[in-house]
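Each residue of the sequence shown is one higher than the last, beginning at 8 in the working numbering.
Scroll down for the structure; my scribbles are underneath it.
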Amino acid sequence: MTLRILPPPGAPRRLAAAQLSNSVGDGAYYVCSALYFTRVVGLSPAQIGLGLTVAWAVGSVAGVPLGALADRRGPRGTSAVLAAATAASVLSFLFIRSFWGFLAAVVVYATAQCGLGAARQALLAGVVPAEQRTGVLAHLQSMLNGGLTLGAALGGLALGADTERAYLAVFVLDAVGFLGCAAVLLTLPAVAPTPARAAGEPRLAVLRDRPYALVTLLNAVLLLRMPLLSLAVPLWIVQRTHAPGWLVSALFVLNTVAVMLFQVRVARPVTDLDSARRALRVSGLVMAASCAVFALSALPGAGWAAAGLLVAGAVLQVDAEMRQSAGSWQIGFSLAPADRMGQYQGFFGTGVPVARTLGPLVLTSLLLVWGIPGWLLLGALLLAASYGMGPAVRAAEAARERVGSPLPDRLGSRA
8 MTLRILPPPG APRRLAAAQL SNSVGDGAYY VCSALYFTRV VGLSPAQIGL GLTVAWAVGS
68 VAGVPLGALA DRRGPRGTSA VLAAATAASV LSFLFIRSFW GFLAAVVVYA TAQCGLGAAR
128 QALLAGVVPA EQRTGVLAHL QSMLNGGLTL GAALGGLALG ADTERAYLAV FVLDAVGFLG
188 CAAVLLTLPA VAPTPARAAG EPRLAVLRDR PYALVTLLNA VLLLRMPLLS LAVPLWIVQR
248 THAPGWLVSA LFVLNTVAVM LFQVRVARPV TDLDSARRAL RVSGLVMAAS CAVFALSALP
308 GAGWAAAGLL VAGAVLQVDA EMRQSAGSWQ IGFSLAPADR MGQYQGFFGT GVPVARTLGP
368 LVLTSLLLVW GIPGWLLLGA LLLAASYGMG PAVRAAEAAR ERVGSPLPDR LGSRA
């Protein structure tokens, strides 16, 4: 198992160490933050939801200019600064006692996180050869899930104590993790900044790249599956099925462990745009089947039958998730010009905050209001987006070749 999770020595393994460093603290933070802000700070759930929605909306916009900054200043230093900024925002939670302070802190947190994602992707592109990037990202995803699992266990200890001091210790752990991430990133080789813009060249060229924008939009639609196991499926189990409530936790653990163990294996065949398109098509079919199986769990019957269907649906869902992740990583890198990797990764990465912002509303409206037809409609939507990726990627690839912009998978590493 260790050999599957750990990437090759050198830069990939250092990137994995940085990922593990911040993911352990994040796992504890995700488990404890809502209770801390409600019980200790005194915020209402509506205030927390509003603050997070605003924060991720701002972060999704900030990711592109921060990615462009990584291109101009170098992704290694930019990544380290943004990791330190994330740590500072988490530490500020220790002193917040009002909604406006909470809003300011989470806006900084989400902005730094989105910028860090773009800068770190640009750094990976600079220190890892093009043909190895999807495989390395699969290793990083495995490390991420392993760290989140460990962090969630530590967060569970804080929940058991249920004291202000225990919650504050979780925030300190998360901040230290991001500072450790920054320190590890600084040990990676420096990647040369991109040359200055030519006269008349737009500052943020990605915003004028319509084919890439379409690919990014379709990827954002595919990422709507992100809140499924954290929000939609738990509510579905409680409100629409006869399955036991403890299954909510079991399905989350199943997903986390499966990604940790099998993401690298699933991503191994994805090496170019053709294999990425195939992975997305299969992902769409499997995801549509998963939605249909989840829908069947609401039919009248025994609780054990509903539980079996929910487990089957979760297995299909995590398989689709791993295939979609691998295909999207390859596409996001392969279609980005090598000299603008930061801003292109920042733009492509907006699908994550968009899914976090709109996903809960879309999924709860579809599934909890419409029920079984909502599941079938969601499956059809994700299937259409996965199949739409094929022609969208071909159009973006053709547009890139027409303007003569070099594709990174032809240039290899810029290190």
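We put the beta carbon where it would ideally sit given N, CA and C, even for glycine.
{"Asked": "Within 8 Å, strictly: CB atoms of residue 51 and residue 357", "Found": "no"}
{"Asked": "Backbone CA spacing between residue 83 and residue 193 [nearest angstrom]", "Found": "6 Å"}
{"Asked": "First and last residue of the uninterrupted alpha helix (DSSP H) at residue 244", "Found": "240-247"}
{"Asked": "Inter-residue spacing [alpha-carbon to alpha-carbon] between residue 118 and residue 75", "Found": "14 Å"}
{"Asked": "CB contact flag (residue 228, residue 64, <8 Å)", "Found": "no"}
{"Asked": "Straight-line Cα distance separating residue 277 from residue 376", "Found": "37 Å"}
{"Asked": "The stretch 214-229 in contact with the stretch 125-144 per 3-pair CB rule at 8 Å", "Found": "no"}
{"Asked": "Through-space distance from residue 369 to residue 345, alpha-carbon basis", "Found": "35 Å"}
{"Asked": "Outcome for residue 306 when other beta-carbon atoms lying within 10 angstroms are tallied against a minimum of 16", "Found": "exposed"}
{"Asked": "Sub-8 Å separation of residue 320 and residue 389 beta-carbons", "Found": "no"}
{"Asked": "Nearest to residue 135 (by Cα), restricted to the options 167, 121, 196, 24", "Found": "196"}
{"Asked": "With 16 other Cβ atoms within 10 Å as the buried cut-off, status of residue 245", "Found": "exposed"}
{"Asked": "Close beta carbons around residue 44, own chain, < 6 Å, minus the five adjacent residues each side", "Found": "50, 55"}
{"Asked": "Residue 80 - containing alpha helix (DSSP H), residue span", "Found": "52-80"}
{"Asked": "Three or more C-beta pairs below 8 Å linking the stretch 348-368 and the stretch 260-279", "Found": "no"}
{"Asked": "Residue 250 vs residue 304 beta-carbon contact at 8 Å", "Found": "yes"}
{"Asked": "Coarse secondary structure for residue 194, derived from DSSP in three states", "Found": "coil"}
{"Asked": "Start-end ranges of the alpha helix (DSSP H) lying completely within the stretch 296-361, minimum 4 residues", "Found": "310-341, 348-355"}
{"Asked": "Inter-stretch contact at 8 Å, needing at least 3 Cβ pairs: the stretch 141-150 / the stretch 91-110", "Found": "no"}
{"Asked": "Of the residues 121, 78, 379, 97, the one placed nearest residue 347, counting alpha carbons only", "Found": "78"}
{"Asked": "Cβ-Cβ separation, residue 162 to residue 177 (assumed contact under 8 Å), whole Å", "Found": "6 Å"}
{"Asked": "C-alpha gap between residue 241 and residue 185, whole angstroms", "Found": "30 Å"}
{"Asked": "For residue 154, the first and last residue of its enclosing alpha helix (DSSP H)", "Found": "140-168"}
{"Asked": "Opening and closing residue of the alpha helix (DSSP H) in which residue 33 lies", "Found": "18-42"}
{"Asked": "Continuous alpha helix (DSSP H) stretch holding residue 225: start and end", "Found": "217-229"}
{"Asked": "Straight-line Cα distance separating residue 327 from residue 379", "Found": "20 Å"}
{"Asked": "Range of the contiguous alpha helix (DSSP H) that encloses residue 115", "Found": "106-134"}
{"Asked": "DSSP three-state assignment for residue 279, whether helix, strand or coil", "Found": "coil"}
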